[in-house]
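The sequence shown maps to residues 0 to 248 in numbering that gives the first Met the number 0. Backbone N, C-alpha and C define an ideal beta-carbon position, used for all residues, glycine too.
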Amino acid sequence: MNTTTVKPLKELIDPGWARALSAVEPDIHRMGDFLRAEHRAGRQYLPASHNILRAFTIPFASIKVLIVGQDPYPTPGHPVGLSFCVAKDVQPVPRSLQNIYQELHDDLGVPIPSNGDLTPWCSQGVMLLNRCLTVGVGRPNSHQGKGWEKVTDAAISALNDRRDASGRPLPLVAILWGRNAQSLEPRLGNAFIIKSPHPSPLSASRGFFGSRPFSRTNEALRRMGTDPINWTLEANSTAPDTTMPLEQR
0 MNTTTVKPLK ELIDPGWARA LSAVEPDIHR MGDFLRAEHR AGRQYLPASH NILRAFTIPF
60 ASIKVLIVGQ DPYPTPGHPV GLSFCVAKDV QPVPRSLQNI YQELHDDLGV PIPSNGDLTP
120 WCSQGVMLLN RCLTVGVGRP NSHQGKGWEK VTDAAISALN DRRDASGRPL PLVAILWGRN
180 AQSLEPRLGN AFIIKSPHPS PLSASRGFFG SRPFSRTNEA LRRMGTDPIN WTLEANSTAP
240 DTTMPLEQR
């Protein structure tokens, strides 16, 4: 989304998504107006404009796993338009993502990744979607209630409503971490739901650790007759101690 030029949605995102979101295209453009006003007022926002709709560049028909976040990281250089994901050069990895990696290791035994780039998951049909697509710099949750939720709720409903040629729902697993994400469950009646507390350091020890979301997702995908996700990411030869005490996670 450009801060000065309004483009049709079909020029910004996957064509399938453009069709699925056609009813809320005016709302997306209204959010563009809001962001331009923020820019004029000297209030910086994240992520960079070209990454705001990045989650919708993944082909609509290819998505089989949905991981819902709340809003982008409010730290410059961190958010890239995909929930929980950061650029490869961001070190240290945000604490919530560190906890996701710890659970990934504990669940599947894969090495702790060396960076926060989750795009290899996206290329296999994992959608990393924040409910709110922008945030003010240094101001967590500052763009909640401004209009993004109408857009992302419509996107989630559209995913749930997809059908194959015979009219059956397309395979979809929804991973809902925390209350904010779990409020979407009524929109996901055709999906297999995996839910637990959020991986934030404030809540991860209350049920996120040990929830096995990655193996459970693959088990569900196999039952649906589709390929599982290869969750392995670029490993670090000097990875952190994977026996980290819970109180340090």
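Name the DSSP bridge partner or partners of Phe191?
By 1-based counting over the sequence shown, the position of residue 191 is 192. DSSP lists Val172 as partners of Phe191.
Would you list the residues sitting across from Tyr44 in a DSSP beta bridge?
Numbered from 1 along the sequence shown, position 45 holds the residue referred to as residue 44. DSSP, once it has assigned bridges, lists Gly135 as partnering Tyr44.
Is the segment 217–227 close to the segment 194–205, with three or more CB pairs under 8 angstroms?
The segment 217–227 is not in contact with the segment 194–205.
Report yes if the CB atom of Leu132 is closer than 9 angstroms to the CB atom of Trp120, and no otherwise.
Numbered from 1 along the sequence shown, position 133 holds the residue referred to as residue 132. Numbered from 1 along the sequence shown, position 121 holds the residue referred to as residue 120. In this structure, Leu132 keeps its C-beta atom at 9 angstroms or more from the C-beta atom of Trp120.
Endpoints, the alpha helix (DSSP H) within which Leu107 is located:
The sequence position of residue 107 within the sequence shown is 108, counting from 1. Unbroken alpha helix (DSSP H) run through Leu107: 94–107.
Below 8 angstroms on the Cβ atoms is my guess for Glu233 versus Pro112; work out the distance and round it to an integer in Å.
In the sequence shown, residue 233 corresponds to position 234, counting from 1. In the sequence shown, residue 112 corresponds to position 113, counting from 1. Yes, Glu233 and Pro112 are in contact; Cβ-Cβ is about 6 angstroms, under 8 angstroms.
Cβ neighbours of Leu245 in the same chain (closer than 8 angstroms, five flanking residues each side left out):
The residue labelled residue 245 in the question sits at position 246 within the sequence shown. Because the pLDDT at Leu245 is just 35, under 50, the model does not fix this residue reliably, and the value given afterwards should be weighed accordingly. Ser204, Phe208.
Residue from Asp105, Leu52, Gly144, Val136 whose Cα sits closest to the Cα of Met126:
Within the sequence shown, residue 126 is the residue found at index 127, counting from 1. Residue Leu52 is the option with its Cα nearest to Met126.
Other residues of its chain near Tyr72: CB distance less than 8 angstroms, five sequence neighbours each side excluded
As a working note, residue 72 is residue 73 in the sequence shown. Same-chain partners within the cutoff: Leu45, Pro78, Val85, Pro93, Val134.
For Leu183, which of Ile155, Phe55, Ser202 has the nearest alpha-carbon?
Within the sequence shown, residue 183 is the residue found at index 184, counting from 1. Considering only alpha carbons, the answer is Ile155.
Within this structure, are the beta carbons of Leu117 and Val67 separated by less than 9 angstroms?
Here residue 117 is taken as the residue at index 118 of the sequence shown, counted from 1. Here residue 67 is taken as the residue at index 68 of the sequence shown, counted from 1. Contact flag unset, no.
Classify Ser165: buried if its beta carbon has 16 or more other beta carbons within 10 angstroms, exposed otherwise.
Working through the sequence shown from its first residue, we reach residue 165 at position 166. Exposed, because fewer than 16 other Cβ atoms sit within 10 Å of the Cβ of Ser165.
Indicate the three-state DSSP secondary structure (helix, strand or coil) for Asn140 in the structure shown.
For the purposes of this step, residue 140 is taken as residue 141 along the sequence shown, with counting starting at 1. In this structure, Asn140 counts as coil in the three-state DSSP scheme.
If you reduce the DSSP assignment to three classes, tell me which class Ala219 lands in.
Walking along the sequence shown from the start, residue 219 turns up at place 220. Three-state result, Ala219: helix.
Helix, strand or coil at Pro200 [DSSP, three-state]
For the purposes of this step, residue 200 is taken as residue 201 along the sequence shown, with counting starting at 1. When secondary structure is reduced to three states using DSSP, Pro200 falls in the coil class, being assigned neither helix nor strand.
Hey, quick one: how far does the beta strand (DSSP E) through Asn129 stretch, first residue to last?
Looking up residue 129 in the sequence shown gives position 130. 125–129 is the extent of the beta strand (DSSP E) around Asn129.
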